[in-house]
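Okay, structure first, notes after.
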Amino acid sequence: MISFIDQWKLGVYGAKEVAQSLLLILLFFFIGNLPASIVFAKHGVIDLHTATQVLGFQTVFVLQMIPFIAVLLAFLFSIKRIHKVDGLTWVTARAKPSVSKVLLAFAFWSTFMLLTVLVQFAVNPQSLAWNFEADSFFRALLLLLLFLPLQVLAEELLFRSYALQGLNARLKKPWLAAVLSGIMFGMMHLGNPEIKEYGMVFILAYSVLGTFLSIITALDGGIELAFGFHFANNLWAGILVTSKEQALQIPALFSSNSGSFDGLSMGLLLLGLTAFFALFKRLFGWKLSALIQNNP
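Structure below.
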C-alpha cells in the first residue's frame with residue numbers, strides 16, 4: 009500500500025496541473041474575500057476589530073469563513089478535473105477516514121487546553137475575568153461548530169495534504185517536507201492583526217504547530233489526527249478566552265487582562281505537543297524512520 013505522503017503517485021501532478029490548481033485556489037480565495045471587502049467598504053471599516061464593533065461578531069465571522077468555503081470548492085474541482093484522483097487520497101491512506109482518530113485527537117487537545125487555562129489562573133488569578141453572557145456565547149458557539157470544521161478542513165487539505173505530499177514528491181525527504189509545510193502554515197498567519205501585539209514569536213508558535221501537524225500526518229497516514237487537533241485548538245481558542253488584543257472579538261467564557269504570548273505560553277504549547285506525540289506514538293506504533301525513508 010502506498011503511504012499517505014506518497015499518494016501523489018496516484019494522480020496527475022505535473023507542473024501544469026499543479027500551477028492550474030494553485031491558481032484556481034488563489035482565484036477562489038480572492039472571490040471568497042469579496043463579500044467581506046464589499047461589506048466593510050460600505051460601512052467604512054478597514055480592520056476586523058472595528059468591523060466587529062460596527063457589524064457584530066456573527067456577521068464578521070461568517071464573512072471571514074466564506075473564503076475557506078470557496079477554497080474547499082476549488083479543491084473539489086482540482087481533485088476531479090485537474091488531478092483526476094480519488095479525493096480520499098487527500099484525506100487518508102486508509103480505506104475510509106477514521107472518525108475515532110479525529111475524536112481521540114479532539115478529546116486530548118481539548119483536555120490540554122482546558123488545563124492550560126487552569127494553570128494560567130493558578131499562576132496569575134488576576135489575568136482572567138469571567139466574561140460569560142449566555143445568549144451571545146451560545147450564538148457564537150453554534151457558528152463556530154458550523155463553520156470551523158470547514159475552515160480547518162480547508163487548511164488541512166492545503167498544508168497537510170497538498171503541500172506535504174507535493175513537497176515530498178519533489179524533495180524525497182518526508183521530514184523536510186513536514187518542516188517546510190509547517191513554515192508555510194506559519195507564514196500564512198503573517199497578516200493576522202495579533203502579530204502586532206504578540207510579535208514574531210506568535211509566527212514561531214504557528215510554524216511549530218504546523219510542523220507538528222505535518223509530522224503526525226506523515227507518520228499516521230492521514231489528516232484525521234491533525235484535523236481533530238486543529239479543530240479543538242481553534243474551537244477552544246475561540247470560546248475559552250478572549251482579549252482586547254484579538255482582532256475578532258469572540259464572546260468567550262473568560263477575558264484575559266494579559267495579552268502577552270510569553271515563555272510560559274510557549275512552554276505549555278511544547279509540553280502539550282510532546283505529550284500528544286508520546287501518547288499517540290505509543291498508541292499507534294509510529295516508526296520515526298518513516299520520516300527519513302521515502303518509499304520508492
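For the sequence shown, this note's numbering begins at 9 and goes up steadily by one. Note that CB positions come from ideal geometry on N, CA and C, so glycine has one too. These numbers were taken from a predicted model, which means no experiment stands behind them.
Short CB-CB distance (under 7 Å) between residue i and chain C
{"i": "residue 261", "result": "Of the chains in the structure shown, none is chain C; there is only one protein chain."}
Given residue i as reference, the closest of the options once Cα atoms are compared
{"i": "residue 131", "options": "272, 300, 288", "result": "272"}
{"i": "residue 23", "options": "81, 178, 165, 110", "result": "178"}
{"i": "residue 300", "options": "181, 108, 77", "result": "181"}
{"i": "residue 193", "options": "224, 20, 78, 218", "result": "218"}
{"i": "residue 240", "options": "159, 46, 42, 186", "result": "159"}
{"i": "residue 74", "options": "37, 166, 257", "result": "37"}
{"i": "residue 98", "options": "80, 117, 27", "result": "80"}
{"i": "residue 63", "options": "76, 48, 123", "result": "48"}
{"i": "residue 165", "options": "52, 18, 283, 222", "result": "222"}
{"i": "residue 213", "options": "162, 41, 195, 91", "result": "195"}
{"i": "residue 70", "options": "43, 96, 86", "result": "43"}
{"i": "residue 141", "options": "77, 248, 86", "result": "248"}
{"i": "residue 54", "options": "18, 225, 201, 183", "result": "201"}
{"i": "residue 92", "options": "15, 206, 161, 153", "result": "15"}
{"i": "residue 120", "options": "294, 251, 298, 244", "result": "244"}
{"i": "residue 26", "options": "265, 175, 264, 250", "result": "175"}
{"i": "residue 154", "options": "225, 77, 224", "result": "77"}
{"i": "residue 191", "options": "220, 204, 72", "result": "220"}
{"i": "residue 127", "options": "94, 203, 279", "result": "279"}
{"i": "residue 133", "options": "297, 117, 263, 216", "result": "263"}
{"i": "residue 145", "options": "35, 250, 18, 183", "result": "250"}
{"i": "residue 163", "options": "197, 50, 124, 122", "result": "197"}
{"i": "residue 215", "options": "277, 246, 298", "result": "277"}
{"i": "residue 296", "options": "207, 183, 265", "result": "183"}
Separation of residue j from residue i, as counted between CA atoms
{"i": "residue 147", "j": "residue 66", "result": "8 Å"}
{"i": "residue 242", "j": "residue 156", "result": "7 Å"}
{"i": "residue 129", "j": "residue 103", "result": "44 Å"}
{"i": "residue 143", "j": "residue 101", "result": "42 Å"}
{"i": "residue 84", "j": "residue 32", "result": "11 Å"}
{"i": "residue 274", "j": "residue 210", "result": "9 Å"}
{"i": "residue 185", "j": "residue 90", "result": "23 Å"}
{"i": "residue 29", "j": "residue 107", "result": "28 Å"}
{"i": "residue 281", "j": "residue 11", "result": "24 Å"}
{"i": "residue 294", "j": "residue 139", "result": "42 Å"}
{"i": "residue 20", "j": "residue 149", "result": "40 Å"}
{"i": "residue 254", "j": "residue 187", "result": "28 Å"}
{"i": "residue 82", "j": "residue 237", "result": "24 Å"}
{"i": "residue 40", "j": "residue 52", "result": "20 Å"}
{"i": "residue 105", "j": "residue 227", "result": "15 Å"}
{"i": "residue 225", "j": "residue 167", "result": "10 Å"}
{"i": "residue 35", "j": "residue 135", "result": "42 Å"}
{"i": "residue 87", "j": "residue 189", "result": "20 Å"}
{"i": "residue 50", "j": "residue 72", "result": "16 Å"}
{"i": "residue 17", "j": "residue 95", "result": "14 Å"}
{"i": "residue 125", "j": "residue 246", "result": "13 Å"}
{"i": "residue 137", "j": "residue 13", "result": "44 Å"}
{"i": "residue 46", "j": "residue 117", "result": "37 Å"}
Opposing strand residues paired with residue i [DSSP bridges]
{"i": "residue 6", "result": "The displayed coordinates of the chain run from 9 to 304. Any statement about residue 6 would go beyond what the structure contains."}
{"i": "residue 236", "result": "None, per the DSSP bridge assignment."}
{"i": "residue 230", "result": "100"}
{"i": "residue 251", "result": "264"}
What are the start and end residues of each continuous alpha helix (DSSP H) run of 4 or more residues lying completely inside the segment 142-220, in chain order? 142-163, 172-179, 182-196, 202-206
Spell out a yes or no on whether the segment 225-236 and the segment 110-123 are touching, meaning 3 or more CB-CB pairs, one atom from each, closer than 8 Å. yes
Hey, which unbroken runs of the alpha helix (DSSP H) at 4 residues or more fall wholly within the segment 19-83? 23-51, 56-63
Identify every run of the beta strand (DSSP E) within the segment 78-134, keeping only runs that are complete inside it and at least 3 residues long; order them along the chain. none
Across the segment 275-287 and the segment 168-178, are there enough close Cβ pairs to call them in contact, namely three or more that are closer than 8 Å? no
Are the segment 247-263 and the segment 54-62 touching, with three or more C-beta to C-beta distances below 8 Å? yes
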